[in-house]
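Undergrad: Quick one: the structure is below, and I'll ask about it shortly.
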Amino acid sequence: MTKLHSLVSLLSACLAVSACASLGEGDTSRVDLIRKRGELRCGVSGKIPGFSFLQRDGSYAGLDVDLCKAFAAAIIGDPSKVQYRPLTAPERFTALKTGEIDLLSRNTTFNLSRDASGGNGVSFAPVVFHDGQGLLVQRNSGIRNLKDLKGQSICVGSGTTTEQNLNDAFQSLGLPYKPIKYQDLNQVVAGYLQGRCQAMTSDRSQLASARSGFERPEEHEILDDVLSKEPLAPLSAGGDQQLSDAMRWSVYALITAEEMGITKANVDDKLKEAQDNPDLTKLRRFLGVEGDLGSKLGLSNDFVVNMIRATGNYGEIYNRHLGPDSAVPIPRGLNQLHRNGGVITAPPFQ
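Here the sequence shown stands for residues 1 to 350, numbered as in the numbering used here.
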């Protein structure tokens, strides 16, 4: 009997230790895990020029990719320490939930169902691209608006807000249509180009990206109709405030740097200016020369400097991949700074 009690006590102790170990791991922010691992695992699409696209040399490029680099610079101090995980739309939330990736930077729409604890339960960073869903058709098709697509087939990605928005728009107008569903954007594009549908739908930015790769892009046009508003933002799994705070303020840092005229080319000069002049309180605080704003986020106090050295500010990232001289030129529109007529702005660093 004594041996039995001893065994029970031993098992209870083991279970208690195991439970404590699990609890300890659960309490650890992924910021600490990323830093300990020395690498950020970032989920991307890899198939959308201008946002995230796998190039011929095996490297990734695009606005979403530069955000991954900026996060790595902020958390680890090195923008090259990123492992990119290409994910389809149906895969992305599962990869985040299971911990396969640390965060997602994959043209994902910020909405209630994804953000709420009763939905996907994720934590969105600030919006990095304000978009809207559109429709791409052949210029000689005679299709000029939604009503012209009555009874027609439309290629769409399955398991996305795009599919729901398409249905909502046509249902509200009482227009029948035939959805042709595919798993990812490449399949949607292939279906459209093979003539399996009269139109394809996606965010207008993605339509512009896809069209840029067509053999004759001038033969296709994006209709004026906008089916929805699509605020795109990076995100992390819910319940990890340290990581979500780090991501949130990293994006705000990129925006604030543009507001303050701090660029990849002049950030070191601005840093020296701040170090040499104690009266430049705002600049000193932003660049981590004084105060402890970085440490409040679990980051180094000079995390902003590391980011801007790596990618430049928000405007530089945008122009590099979506500006007028890029392969996928998309006018900034709403994505201008607030002072320039857009909606991009950031809270104060204080």
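Note that CB positions come from ideal geometry on N, CA and C, so glycine has one too.
It should be emphasised that the depicted structure is a prediction, and the values quoted were computed from it without experimental measurement.
1. Residues in its own chain within less than 7 Å of residue 161 by CB, not counting five upstream and five downstream?
2. By alpha-carbon positions, which one of 43, 150, 95, 115 ends up nearest to residue 238?
3. Any idea which residues DSSP pairs residue 200 with across the strands?
4. Between the beta-carbon of residue 63 and the beta-carbon of residue 51, is there less than 8 Å?
5. For the alpha helix (DSSP H) holding residue 124, just list the boundary residues, first then last.
6. When the Cα atoms are used, what is the spatial distance from residue 84 to residue 56?
7. Counting Cβ pairs closer than 8 Å, one from the region 186-203 and one from the region 136-146, do we hit at least three?
8. Just grab the DSSP bridge partners of residue 82 for me.
9. Among 322, 300, 215, which has the Cα closest to the Cα of residue 130?
10. With DSSP as the reference, please indicate the residues paired to residue 113 in a beta bridge.
11. Pull the bridge partners of residue 181 from the DSSP assignment, please.
12. DSSP state of residue 221, grouped into three classes?
13. Whose C-alpha, out of 60, 155, 49, 71, is nearest the C-alpha of residue 243?
14. Go to residue 73, then tell me how far its alpha helix (DSSP H) extends in each direction, as first and last residue.
15. Report yes or no: do three or more beta-carbon pairs, one from the region 73-88 and one from the region 27-46, lie closer than 8 Å?
16. Which of helix, strand or coil does DSSP assign to residue 303?
17. Is the beta carbon of residue 79 less than 8 Å from the beta carbon of residue 252?
18. List in chain order: all unbroken alpha helix (DSSP H) runs of 4+ residues lying wholly within the region 271-344.
19. Measuring alpha carbon to alpha carbon, tell me which of 74, 164, 185, 132 ends up nearest residue 213.
TA: Concretely, from the data shown:
1. For the purposes of this step, residue 161 is taken as the residue at position 161 of the sequence shown. Residues 109, 111 of the same chain have their beta carbon placed closer than 7 Å to that of residue 161, with the five preceding and five following residues left out of the count.
2. For this step, residue 238 is matched to residue 238 along the sequence shown. Residue 115 is the option with its Cα nearest to residue 238.
3. Counting from 1 along the sequence shown, the entry for residue 200 is found at position 200. Paired residues: 136, 155.
4. Walking along the sequence shown from the start, residue 63 turns up at place 63. Walking along the sequence shown from the start, residue 51 turns up at place 51. Yes.
5. As a first step, residue 124 must be located in the sequence shown, where it is residue number 124. Where residue 124 is concerned, there is no enclosing alpha helix (DSSP H), although the beta strand (DSSP E) it sits in stretches over 122-124.
6. Position 84 of the sequence shown, counted from the start, is the residue given in the question as residue 84. Position 56 of the sequence shown, counted from the start, is the residue given in the question as residue 56. Those two C-alpha atoms are separated by around 15 Å.
7. Because the criterion of three Cβ pairs below 8 Å is met, the region 186-203 and the region 136-146 touch.
8. For the purposes of this step, residue 82 is taken as residue 82 along the sequence shown, with counting starting at 1. DSSP output for residue 82 lists 40 as bridge partner(s).
9. Counting from one through the sequence shown, the residue named residue 130 turns up at place 130. Among 322, 300, 215, the Cα nearest to that of residue 130 is on 322.
10. Looking up residue 113 in the sequence shown gives position 113. Looking at the DSSP assignment, residue 113 forms no beta bridge with any residue, so it has no partner.
11. Counting from 1 along the sequence shown, the entry for residue 181 is found at position 181. Looking at the DSSP output, residue 181 sits in a beta bridge with 156.
12. As a working note, residue 221 is residue 221 in the sequence shown. In this structure, DSSP gives residue 221 an extended state, which the three-state scheme calls strand.
13. On the sequence shown, position 243 is the one that residue 243 refers to. Closest in alpha carbon position to residue 243, among 60, 155, 49, 71, is 71.
14. Residue mapping note: residue 73 aligns to position 73 of the sequence shown, counting from 1. It spans 63-75 - the alpha helix (DSSP H) in which residue 73 sits, taken as one unbroken run.
15. Counting C-beta pairs with one atom in each stretch, the region 73-88 and the region 27-46 have three or more that are closer than 8 Å, which means they touch.
16. To locate residue 303, count along the sequence shown from 1; it is residue 303. Correct three-state label for residue 303: helix.
17. As a working note, residue 79 is residue 79 in the sequence shown. As a working note, residue 252 is residue 252 in the sequence shown. Not in contact: residue 79 and residue 252 (Cβ atoms no closer than 8 Å).
18. Runs of the alpha helix (DSSP H) inside the region 271-344: 281-286, 293-296, 303-311, 314-322.
19. Counting from one through the sequence shown, the residue named residue 213 turns up at place 213. If we check each option's Cα against that of residue 213, 185 comes out closest.
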